[in-house]
Each structure stands twice: as structure tokens, then as C-alpha cells.
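Protein chains in written order, with my numbering: chain A, 2 to 212; chain B, 8 to 127.
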């Protein structure tokens, strides 16, 4: 079973393990625009780039491999010109948004395991099948670099691809807080809310993320 | 970062604690939050340290706040590894209203240098 984490000093809470396992199941399955094999390749390129390694394999276009590697290792370096360049090279907005979802969550899982002293989780075997093609037809370009449904907001950032938006929320709750818990400034689990926000802010500072 | 510095300020106020926000960008500053130094050391190790440095930081955090808190800290780091990538890759702007209300904090912490998607 994925995320057995047998090397850990003590068990970790069930909802966090369940969230990680759920995401690994999703990673292996066909998405809206990428096959399961391609999704795993995106994650693999991002993981390798974080270790300073470049992968050479042909499950992805060179453009997709580059975007996954850049977003995996140097997210703060991404500029609108990069997104335009990748789009002009054939990476359509829905494929780019799904790539963001896959790379961002697998980067997150890797960091959680690294923090807890576990080895990186091996990637799952891909599930056969074709991408669903499901995208939000009412998404529009507004103030950000990708189309979104409704206003320009971090909670709708991946809304062009509903399955990726749902996956983001499914990860966000157990790793940090649900949207309902976020409304509570005194929410406490192992850390109180202020301690959580100190960790969030420092992580964002090291990642040079202004938002 | 701006969003979570605001949330840090709000939660500290609601909890009756104190914090020096400058500690988020300047490691010479004590955050003045219980376990704050151990939490910051853990974040720094996970994002940029070796396995042994992470182990040392994790042990110190566990001694200071316990295992459950250490797991929470790892989860929050992971979540913001995700959210930072989403914000940066989608060009998520910080709105003009938030820039105004957070202007003093942005200036004091020198955050403008991280602003890759400033709107006109």
C-alpha cells in the first residue's frame, strides 16, 4: 500500500495519510487532458528537477517536460512570457492547468515525506485509459494567466479543469485546513493557528511567493 | 506570503499572542511565538537542508511542541509547496485593495521584491 511510511518515528494522523493515498490514486489515473502515464511523467520530471536531474524519455513533449521541471524546481521563476511560450509551443491552457495540479501536489507530498523523515514515495503504476476531456466551458481569462471560472482567486485558480480543482481542495484540508477551518483564527490541532500561519508564511518566503 | 502574514496577524490577535512578522523574512529576528524558532528552523531545513539537518530540526521541533505538531508542520509546508506553485504558475495577483491594507507590512518586510505578477 502506498505511503506505508514504516520508517517514521510515530504514526501520522489518518486523514493526512488518506489524503496522500487518494492523491496517488488520482496521479495514476487519466486526467482531463493527460493519460495516467503522462501524469506520472509530469510528476517524475518535477521530482527529478528538484534533485537537479534532467530526465530523458518520450512520454511527454519537450515543452511539457520543461514546464513540469521549471514548476517543480523553480516555481518563482515562472513569468507570463514562459506561459505564453509554452502555449505557443502547443501546451494548451487546460493541459497547463492540469500540469500545475499534478506537479504542485506531488511536490507537496514529497515535502511532507522529507519533513517527516520518510523516503520519497515510488510513483504508482499508470492506469490505462483516455483523458476525460472535461474542462469548464465557462472559464475566462481575467486578471491571471490562465482562464478561471468566476473571479480571479486562488480558490478558483485551477477551475478550468474541475478535477484538478477538486484534487487541490482534497489535499488542502488534511495537509493544512479546510475552507471552513480557515475561517477560524483560533483553530488548533497539533499546532495552533498562529503557528500554522508562521509555517505557511515562512514556506512562502523561501519559495519567494508574493501571493 | 502576503495572505498568510495577514492570517498570522489575525490569529495572533485572536489568540492573544504576540509575533514579530519580520522573523518570516529575517532569521536574525525572534518571532516571539511559542515554538516559533523551532518551526522556522524546520521549514528552512525541509526546503533547503540535508537529510541530517532536517532530522536535527525535526527532533528539536518534536521536543519543543510534540510529534502531532511536527506532523502538522510538515503538512502545512507541503500544502504551501502546492499553493505557492499554483499561485506562481497561474499568475495570481494580489489585488490593489489588499496591497493598500498591507502596504506597511509589505514595505517593512521588503516583500515587493517577490512580486512577479504586479498588475498595472
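Just so it is clear, CB atoms sit at the ideal spot from N, CA and C, and this is done for glycine as well.
Residue nearest to residue 104 of chain A within the set A/21, A/44, A/205, A/89 is A/44 (criterion: CA-CA distance).
Short of 8 Å from the beta carbon of residue 13 of chain A, and not among the five residues preceding or following it, lie these beta carbons of its own chain, in chain order: 6, 117. If you draw a straight line from the Cα of residue 114 of chain B to the Cα of residue 90 of chain B, it is about 23 Å long. Look at the stretch 2-23 of chain A: the residues with a C-beta under 8 Å from a C-beta of chain B are 10, 11, 13, 14, 17. Distance between residue 77 of chain A and residue 208 of chain A, taken at the CA atoms: about 7 Å. Per the DSSP secondary-structure output, residue 141 of chain A pairs in a beta bridge with A/149.
For the set A/25, A/11, A/83, A/10, the Cα lying nearest the Cα of residue 125 of chain A is the one of A/25. Residues 172, 176 of the same chain have their beta carbon placed closer than 8 Å to that of residue 109 of chain A, with the five preceding and five following residues left out of the count.
Here the alpha carbon of residue 182 of chain A sits roughly 21 Å from the alpha carbon of residue 160 of chain A. In the structure shown, residue 189 of chain A adopts extended strand secondary structure according to DSSP, grouped into three states. Not a single CB atom of chain A sits nearer than 9 Å to the CB of residue 114 of chain B.
Residue 70 of chain B does not reach chain A, its nearest Cβ partner there being about 12 Å away, counting only Cβ pairs nearer than 8 Å. Rounded to the nearest angstrom, the gap between the Cα atoms of residue 20 of chain A and residue 74 of chain B is 19 Å. Residue 10 of chain A sits exposed, since fewer than 16 C-beta atoms from the chains shown fall within 10 Å of its C-beta. Take the alpha-carbon of residue 146 of chain A and the one of residue 88 of chain B: they are about 20 Å apart. Cα atoms of residue 109 of chain B and residue 101 of chain B: separation of roughly 10 Å, rounded to the nearest angstrom. Interface flag for residue 50 of chain A against chain B is unset, since no Cβ pair is found closer than 9 Å. Put simply, the CB of residue 146 of chain A is near chain B, with a gap under 9 Å to one of its CB atoms. By the Cβ criterion, the stretch 84-95 of chain A is not in contact with the stretch 51-58 of chain B, since fewer than three pairs of Cβ atoms, one from each stretch, lie closer than 8 Å. The C-beta of residue 15 of chain B comes closer than 9 Å to at least one C-beta of chain A. Residue burial annotation: residue 123 of chain A is exposed, with fewer than 16 other C-beta atoms found within 10 angstroms of its C-beta. The shortest CA-to-CA distance from residue 45 of chain B to any of A/199, A/148, A/111 is the one to A/199. Between the stretch 33-49 of chain A and the stretch 128-135 of chain A, the count of C-beta pairs closer than 8 Å reaches three or more; the two stretches touch. Within chain B, the residues whose beta carbon sits less than 7 Å from that of residue 196 of chain A are 40, 42, 46, listed in sequence order. Listed along chain B is no residue with a C-beta nearer than 9 Å to that of residue 82 of chain A; the closest approach is about 11 Å. Secondary structure at residue 4 of chain A: coil, using DSSP grouped into helix, strand and coil.
DSSP places residue 121 of chain B in the helix class (H, G or I) of the three-state scheme.
By the criterion of a C-beta distance shorter than 6 Å, residue 70 of chain A is surrounded in its chain by 46, 50, once the five residues flanking it on both sides are discounted.
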